[in-house]
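Everything in the sequence shown is counted per our numbering, starting at 4 for the first residue and increasing by one. From the three backbone atoms N, C-alpha and C, an ideal C-beta is built for every residue, glycine too. As the structure is a computational prediction, the values presented were derived from the model and not from experiment. What follows is a set of notes on a single structure, which appears directly below.
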Amino acid sequence: MTHWGESFDRGSHTLRVLAPDGTSRMLSLDRPEFKIGRAADNDLVLDDPCVAPQHCRLIVVRGAPVLRDRGSRFGTTINHVRCTEPTRLVEGDRIGIGGFVLQVVLTRHQVDVALVADRLRHTSGLAEDTPEALLTRTLDAGASSWHALGRPKRRLPTADLLTRAAAHAVAHPLATLTRTWLDEAALRRRRRQGRRWWSLGTLLGVVLAAPLAWSVWPQPPTEPLEEEHPPLPPPPPEPPPQPPLADVKHHVIPGETLASIAHYYLVDVRHIERWNPLLDPGASLTPGTTLTIRSSVAPPRRTRQHHIVESSDTWENLAGYYGVTVPYLRASNPARGEQLQPDEWISWEAIDLGDTKSFTTAVNQPPIDPTPGVPIPASSDYNLRCAMNAYATGSTAGHLLAALSNLRTRLRYRGQIVIGDLSREDGGSFGKHLSHKTGHDVDIWLPHRDGYYREEDRCARCGTRWCRPELAEIDWSATWLLISALRQTKAIKQIFLDRRLHDHLRAAARAAGVTEDEVQRLIPTIGTSTARVLHADRHTRHIHVRFICDPDAVDCRD
Numbered sequence: 004m005t006h007w008g009e010s011f012d013r014g015s016h017t018l019r020v021l022a023p024d025g026t027s028r029m030l031s032l033d034r035p036e037f038k039i040g041r042a043a044d045n046d047l048v049l050d051d052p053c054v055a056p057q058h059c060r061l062i063v064v065r066g067a068p069v070l071r072d073r074g075s076r077f078g079t080t081i082n083h084v085r086c087t088e089p090t091r092l093v094e095g096d097r098i099g100i101g102g103f104v105l106q107v108v109l110t111r112h113q114v115d116v117a118l119v120a121d122r123l124r125h126t127s128g129l130a131e132d133t134p135e136a137l138l139t140r141t142l143d144a145g146a147s148s149w150h151a152l153g154r155p156k157r158r159l160p161t162a163d164l165l166t167r168a169a170a171h172a173v174a175h176p177l178a179t180l181t182r183t184w185l186d187e188a189a190l191r192r193r194r195r196q197g198r199r200w201w202s203l204g205t206l207l208g209v210v211l212a213a214p215l216a217w218s219v220w221p222q223p224p225t226e227p228l229e230e231e232h233p234p235l236p237p238p239p240p241e242p243p244p245q246p247p248l249a250d251v252k253h254h255v256i257p258g259e260t261l262a263s264i265a266h267y268y269l270v271d272v273r274h275i276e277r278w279n280p281l282l283d284p285g286a287s288l289t290p291g292t293t294l295t296i297r298s299s300v301a302p303p304r305r306t307r308q309h310h311i312v313e314s315s316d317t318w319e320n321l322a323g324y325y326g327v328t329v330p331y332l333r334a335s336n337p338a339r340g341e342q343l344q345p346d347e348w349i350s351w352e353a354i355d356l357g358d359t360k361s362f363t364t365a366v367n368q369p370p371i372d373p374t375p376g377v378p379i380p381a382s383s384d385y386n387l388r389c390a391m392n393a394y395a396t397g398s399t400a401g402h403l404l405a406a407l408s409n410l411r412t413r414l415r416y417r418g419q420i421v422i423g424d425l426s427r428e429d430g431g432s433f434g435k436h437l438s439h440k441t442g443h444d445v446d447i448w449l450p451h452r453d454g455y456y457r458e459e460d461r462c463a464r465c466g467t468r469w470c471r472p473e474l475a476e477i478d479w480s481a482t483w484l485l486i487s488a489l490r491q492t493k494a495i496k497q498i499f500l501d502r503r504l505h506d507h508l509r510a511a512a513r514a515a516g517v518t519e520d521e522v523q524r525l526i527p528t529i530g531t532s533t534a535r536v537l538h539a540d541r542h543t544r545h546i547h548v549r550f551i552c553d554p555d556a557v558d559c560r561d
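Structure follows, in C-alpha cells:
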C-alpha cells in the first residue's frame with residue numbers, strides 16, 4: 004500500500020454492476036442468497052430481453068460467493084466462459100448476464116490517517132516496509148499472476164517460498180486467491196512426495212527380496228554330468244524359387260506414368276529410365292510407346308472396349324465415364340465426327356481389370372431388395388455417421404458402393420467421405436426428414452478442403468464427433484468428382500443442393516473440362532425438371548442423392 008490513507012479490506016464482497024449504456028453502481032452482498040433476473044421480485048433486476056425472469060443467483064458459502072445458473076436460455080459466463088455448474092467466485096471475476104457485466108470486488112472503507120499509528124500498535128496490520136509486508140505483497144502478486152495466466156503448474160510457488168508462506172500465514176491473514184494458490188502448491192508437493200516414497204519402497208522391497216529369491220531358486224548340480232551332444236537344429240527352410248527375369252514389352256496407354264508402371268512391375272523408376280535411354284526425363288509418356296522392362300511380372304492384358312452411342316452421349320462425358328482422355332478416345336475413332344450420332348459404335352484399347360473394370364458391378368454387391376433392409380457395410384472407402392440410419396434397398400446400396408469405389412480407384416480421391424442418413428431398417432419417416440423413407444435417398448457430406456473433417460465434442464451425434472464442413476472449408480473440385488462418380492452409375496434420379504452453392508459447383512465443373520452446354524444441362528441457372536442438380540433449402544453442407552426406384556419398390560415413384 005502506498006499511502007496509509009488508502010482503502011483497507013473489510014472482508015465482505017460487493018458487486019460492481021456495469022450496464023450496457025456505460026453506467027455503473029455498487030451492490031453489497033450482505034445476505035446469504037442474492038437473486039438476479041428480469042423479474043421485479045429479484046434482489047438485482049436487470050432489464051434486458053436476453054436476461055431470464057429468474058436468471059441466476061449468488062449464495063455466500065463460508066464468506067465467499069458461489070454463482071449458480073438457473074438454466075437460462077442465453078446462459079451466464081464467468082470471465083467469458085459459460086457457467087454450467089456452481090462456481091466459487093474470487094475478487095476480480097467478471098460475470099456476463101445479457102448485456103450487463105458484474106464484477107466481484109471486496110468491500111473497503113477509508114481509514115483515518117491519525118489512527119494509523121495506533122492501528123500498527125494494537126492490530127495485525129503490517130508496516131509498509133517491514134519484511135512481513137514485503138512477503139505479503141510477493142505472495143499476492145504471485146497468486147494474481149498464476150490466476151491471470153490460467154493457473155499453470157509452472158507458476159506455483161517454490162518449496163522455500165511455500166515454507167515461508169506457511170509460517171507467515173499463522174500470524175497474518177491471507178487473501179482468498181493467495182491461500183488457494185498456496186493450497187494448490189502444497190497438494191501437488193504432497194502427491195509428488197507420496198509417489199517418491201512409493202517408488203523408494205518398491206525399490207527397497209525388490210532389493211531385500213532378491214537374496215531370498217536367489218536362495219530358493221533351483222541351482223545347477225555341482226557334479227559334472229555325462230557329456231551329451233545336443234540335437235542339431237533343423238535346417239532353415241529353402242526360399243521359394245524366384246521366377247526368372249525376362250524382358251517385357253509394355254505398351255503405354257493414356258493416363259499411365261512411369262510411377263504407375265514401376266508399381267505394377269515391382270521395379271524402380273530409375274531402372275525403367277536406364278532400360279529405355281530414349282525416354283525424356285520428366286516428360287509425360289506418349290500413348291502407344293513401347294517400353295522394355297526386366298521383370299518377372301507378365302504385362303497386363305489389353306482388351307478392346309466398345310460402346311453404343313446414346314442420344315445424350317458426348318466425347319467428354321464418355322471419356323470421364325470410362326476413365327480415358329478425350330484426344331485418345333477421338334484418335335481411336337477417327338471416322339467419327341465432332342458430334343456423336345445415336346447407335347454409332349466407338350471402341351478403344353484398355354487394360355482388362357477383370358471384375359473391377361466396371362463400376363456398375365461392385366464386389367459382394369447386395370441383392371436387389373424392394374425394402375430398405377440392406378445395411379451399408381463398414382468400409383475403408385467411407386465412414387458412416389449413424390449406422391442405425393444407414394439402411395437402403397439392395398439396388399441403391401449396390402449403386403452407392405460402386406460409385407464410392409469408382410471415386411477411389413478411377414478418380415483417385417483420397418480424402419474422407421462421410422455418408423449421412425439413408426433410411427431406417429423398416430422404412431418410414433424419422434427425425435425431421437420428409438424423405439429417407441424407402442431406402443432410395445442418401446445424404447453425403449460435401450468433401451473437406453483438408454481431406455478430413457474436424458472432430459469436436461459439440462458435433463458429437465450418434466457416436467461420431469465429426470463436424471460437417473462450413474462454406475469456406477468445402478473442396479468443390481472433390482465435390483464435382485463425387486457427383487461425377489455418382490452420375491456414372493446411371494442410376495441417379497436427382498441431386499439436391501442449396502441454389503446458393505450452385506455457382507461454386509458450376510465453376511468446379513468448368514475447371515474439370517466440362518463444356519458450358521453440359522454444365523447448363525446438369526446445373527441450369529433456372530431449374531428445370533430435366534436438371535440433375537436441383538435446389539433444396541438448408542442443403543449447404545451435404546448433397547441429397549435420390550436413386551431411381553427398384554422395379555418392385557413400394558411408395559417410390561420415378
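Would you say residue i and residue j are within 8 Å of each other, going by their C-beta atoms?
i: L165; j: A189; result: yes
i: T139; j: H175; result: yes
i: D506; j: R541; result: no
i: A146; j: T181; result: yes
i: I2; j: I447; result: Residue 2 is absent from the structure shown; the chain starts at 4 and stops at 561.
i: C565; j: T80; result: The structure shown does not extend to residue 565, since the chain is modelled only from 4 to 561, so the question has no answer here.
i: G95; j: D51; result: no
i: V93; j: T179; result: yes
i: V2; j: E319; result: Nothing in the structure corresponds to residue 2, since the chain is present only between 4 and 561.
i: I275; j: L248; result: no
i: I39; j: D33; result: no
i: P35; j: V63; result: yes
i: R535; j: I498; result: yes
I'd like the list of long-range same chain contacts for residue i, defined as Cβ closer than 7 Å, with 5 residues on each side in sequence excluded.
i: V511; result: At residue 511 the sequence reads Ala, which differs from the Val that was named. Only W479, S480, T482 and W483 meet the Cβ criterion.
i: E347; result: V312 and R339
i: G430; result: T374, P375, K440, T441 and G442
i: V270; result: I296 and S298
i: V377; result: P369, Y394, A395, T396, G397 and A400
Would you kindly work out how many angstroms separate the C-alpha atoms of residue i and residue j, rounded to a whole number?
i: S263; j: N386; result: 28 Å
i: L21; j: A475; result: 37 Å
i: I379; j: A494; result: 17 Å
i: I486; j: V251; result: 39 Å
i: L288; j: A539; result: 45 Å
i: T364; j: N279; result: Summary for T364: the model assigns pLDDT 30, below 50, so the residue's position carries little reliability, and this model does not support an answer.
i: R91; j: V107; result: 11 Å
i: G291; j: E259; result: 11 Å
i: Y331; j: Q308; result: 13 Å
i: I551; j: A405; result: 15 Å
i: A488; j: C389; result: 23 Å
i: F77; j: R41; result: 13 Å
i: S408; j: V445; result: 16 Å
i: L282; j: L321; result: 31 Å
i: S202; j: A168; result: 29 Å
i: R158; j: C86; result: 25 Å
i: R124; j: L109; result: In this predicted model, R124 has a pLDDT of only 39, less than 50, meaning its place in the structure is not dependable; the value taken from the coordinates is given anyway. So the two alpha carbons sit approximately 25 Å from each other.
i: T205; j: G99; result: 52 Å
i: R544; j: L142; result: 53 Å
i: R509; j: V272; result: 38 Å
With a CB to CB cut of under 6 Å and the five nearest residues on each side skipped, what residues in its chain are close to residue i?
i: L18; result: L30 and L105
i: I420; result: Y385
i: P89; result: V69 and R71
i: P256; result: Going by the sequence as given, residue 256 is Ile instead of Pro. Cβ within range, chain order: P290.
Could you give the C-beta distance for residue i and residue j, rounded to a whole number, given that I count them as a contact under 8 Å?
i: R457; j: C470; result: 4 Å
i: N336; j: S314; result: Contact doesn't hold; Cβ gap of about 18 Å is too wide.
i: S75; j: A43; result: No, S75 and A43 are not in contact; Cβ-Cβ is about 17 Å, not under 8 Å.
i: L449; j: P472; result: 6 Å
Which stretch, first to last residue, makes up the alpha helix (DSSP H) that contains residue i?
i: D446; result: Here D446 belongs to no alpha helix (DSSP H); instead the beta strand (DSSP E) covers D444 to W448.
i: L484; result: W479 to R490
i: H507; result: H505 to A514
i: R277; result: V272 to W278
i: R333; result: V329 to A334
i: S298; result: No alpha helix (DSSP H) contains S298, which is instead part of the beta strand (DSSP E) from T293 to S298.
So residue i is in the beta strand (DSSP E); what residue range does that whole segment cover?
i: P68; result: A67 to D72
i: Q523; result: No beta strand (DSSP E) holds Q523; the alpha helix (DSSP H) holding it covers E519 to L525.
i: H538; result: H538 -> no beta strand (DSSP E), and no H or E assigned at all.
i: R140; result: Looking at the DSSP string, R140 is not in any beta strand (DSSP E); the run it does join, the alpha helix (DSSP H), is P134 to A151.
i: L30; result: S27 to S31
i: D250; result: A249 to H254
i: V173; result: Not the beta strand (DSSP E): V173 falls in the alpha helix (DSSP H), residues A162 to A174.
Spatial neighbours of residue i within its chain, please: C-beta separation below 8 Å, excluding the five flanking residues on both sides.
i: A301; result: V251
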